[in-house]
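Engineer: In full-length UniProt numbering, the protein residues as written are 1 to 308.
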């Protein structure tokens, strides 16, 4: 086989064919076998994703061929996400380290970061921002990269996830502007207020998790699930966020398919569901004043989830 496969394009085509034939699931940064194979091949060769097309004819060494073929077969047999196999992935145009300590970076919030959160921040001054449930740190670090004047705190309850996030802080050279804090939601940032709070928290329901393809079993369950309807953590966040937002502060949260359950549970709360280039993606924006106005309903919904 290694005699028949020689160039970068050869291996991308072969990988895409193997992935398609194996019926793999593509949900970790890519949605198709060609992009998945491209990520695997180029990352394993230490090449950027925007490599000029002419390089596709470049020939691999014997050692490189063996390594790429091994990774392709592991992707098929072990159902490991490509980001874990090659140790890196891209988010909001930036490269991040990725391994099993945290979810593979992926969120439509990347589009908001790249667009400067327009129009949400058009008339706002942001000095301090918070990335809640940060995982690998990708959202908060990307916010800092795109907005050098911001101070950004990134928070997670998982020490393992934070160890990876701290590596990514150093990798992106934002040590002076991004602080990683171990915290159960807001517990570790008491007294701090933010102009913008952004979160991609766990929101997979228990039933959804049981039905997930094998690729997701390699990710920490703590970063995926949040109760029967996926809203346990989100409701706590809504209940506590106003105390950590400045007067004109804004909360942006991704809840995915749990959007409908949240809207039904709190119909009086004026969630604004953000439209992305591909359409709605279960991400809402909410003003601090709306959190304050509807605090009683939010608190009651959150209290109903607390044990005992």
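Even for Gly, the Cβ is constructed at its ideal location relative to N, Cα and C.
DSSP puts residue 225 in a beta bridge; with which residues?
Structural biologist: The partner list for residue 225 (beta bridge, DSSP) reads 204.
Engineer: Going by CA-CA distance only, name the one from 267, 76, 143 and 25 that's closest to residue 18.
Structural biologist: The shortest Cα separation from residue 18 among 267, 76, 143 and 25 belongs to 76.
Engineer: Please go through the segment 59 to 121 and give each complete beta strand (DSSP E) segment of 3 or more residues, from N-terminal end onward.
Structural biologist: Qualifying beta strand (DSSP E) stretches, in chain order: 88 to 91 and 94 to 97.
Engineer: Would residue 135 and residue 223 qualify as a contact pair, given that the criterion is a beta-carbon distance under 9 Å?
Structural biologist: Contact flag set, yes.
Engineer: Between which two residues does the beta strand (DSSP E) holding residue 185 run?
Structural biologist: That residue, residue 185, is in no beta strand (DSSP E); it is neither H nor E in DSSP.
Engineer: So residue 292 and residue 242 are supposed to be a Cβ contact under 8 Å. How far apart are they, rounded?
Structural biologist: Rounded, the Cβ-Cβ distance is 5 Å, consistent with contact.
Engineer: Let me confirm a value: residue 168 is counted as buried when at least 16 other C-beta atoms fall within 10 Å, else exposed. Which label applies?
Structural biologist: Residue 168 should be labelled buried.
Engineer: Between which two residues does the beta strand (DSSP E) containing residue 286 stretch?
Structural biologist: 279 to 287 is the extent of the beta strand (DSSP E) around residue 286.
Engineer: To which residues does DSSP link residue 232 through a beta bridge?
Structural biologist: Answer is none; residue 232 lacks a bridge partner.
Engineer: State yes or no: is the C-beta of residue 192 within less than 9 Å of the C-beta of residue 248?
Structural biologist: No, these two residues do not count as a Cβ contact at 9 Å.
Engineer: Looking only at DSSP bridge pairs, what is residue 253 linked to?
Structural biologist: BP columns for residue 253 point to 199 and 284.
Engineer: Taking C-alpha atoms, which residue in 51, 42 and 305 lies nearest to residue 89?
Structural biologist: Nearest of 51, 42 and 305 to residue 89, Cα basis: 42.
Engineer: Are the beta-carbon atoms of residue 348 and residue 233 separated by less than 9 Å?
Structural biologist: As shown, the chain starts at 1 and ends at 308. That puts residue 348 outside it, with no answer to give.
Engineer: Measuring only the C-alpha atoms, how far is residue 106 from residue 189?
Structural biologist: Straight-line Cα distance between these residues: approximately 25 Å.
Engineer: Do you know whose CA, among 8, 85 and 141, lies nearest residue 53's CA?
Structural biologist: Nearest option by C-alpha distance: 8.
Engineer: Cα-Cα, which of 92, 200, 131 and 216 is closest to residue 194?
Structural biologist: Here the closest residue by C-alpha is 131.
Engineer: Where does residue 101 land, buried or exposed, given buried means 16+ other C-beta within 10 angstroms?
Structural biologist: It counts as buried.
Engineer: Would residue 142 and residue 83 be called neighbours here (beta carbons separated by less than 9 Å)?
Structural biologist: In this structure, residue 83 does not lie closer than 9 Å to residue 142 by Cβ.
Engineer: CA-CA distance, residue 138 and residue 165?
Structural biologist: Distance between the alpha carbons of residue 138 and residue 165: 8 Å.
Engineer: Using CA coordinates, which residue listed in 170, 303, 211 and 21 is at the minimum distance from residue 238?
Structural biologist: Ranking 170, 303, 211 and 21 by Cα distance to residue 238 puts 303 first.
Engineer: What whole-angstrom Cβ distance do residue 151 and residue 127 have, given they're in contact under 8 Å?
Structural biologist: Confirmed, about 7 Å.
Engineer: Where do the N-terminal and C-terminal ends of the alpha helix (DSSP H) with residue 11 fall, by residue?
Structural biologist: Where residue 11 is concerned, the enclosing alpha helix (DSSP H) stretches over 8 to 22.
Engineer: Please name the residue, chosen from 244, 59 and 218, that lies closest to residue 197 on a Cα-to-Cα basis.
Structural biologist: Ranking the options by Cα distance to residue 197, first place goes to 244.
Engineer: Can you list, in chain order, the residues of its chain with a C-beta nearer than 6 Å to that of residue 103? Leave out the 5 residues immediately preceding and following it.
Structural biologist: Here the set comprises 135, 219 and 223.
Engineer: Taking its Cβ as the centre, do 16 or more other Cβ atoms sit within 10 Å of residue 123, making it buried, or is it exposed?
Structural biologist: Result: exposed.
Engineer: Based on DSSP bridge pairs, tell me the residues matched to residue 239.
Structural biologist: DSSP, once it has assigned bridges, lists no residue as partnering residue 239.
Engineer: So what does residue 299 bridge to, in DSSP terms?
Structural biologist: Answer is none; residue 299 lacks a bridge partner.
Engineer: Under a three-way DSSP split, which group does residue 154 fall into?
Structural biologist: It is a strand residue.
Engineer: Can you give the Cα-Cα distance for residue 20 and residue 78, rounded to whole angstroms?
Structural biologist: Taking the straight line from one Cα to the other gives about 15 Å.
Engineer: Let's see if you can read the secondary structure: which residues bound the alpha helix (DSSP H) around residue 128?
Structural biologist: Taken as a continuous stretch (DSSP letters only), residue 128 belongs to no alpha helix (DSSP H), being part of the beta strand (DSSP E) at 128 to 132.
Engineer: Report the three-state DSSP secondary structure of residue 212 (helix, strand or coil).
Structural biologist: DSSP places residue 212 in coil when its eight states are reduced to three.
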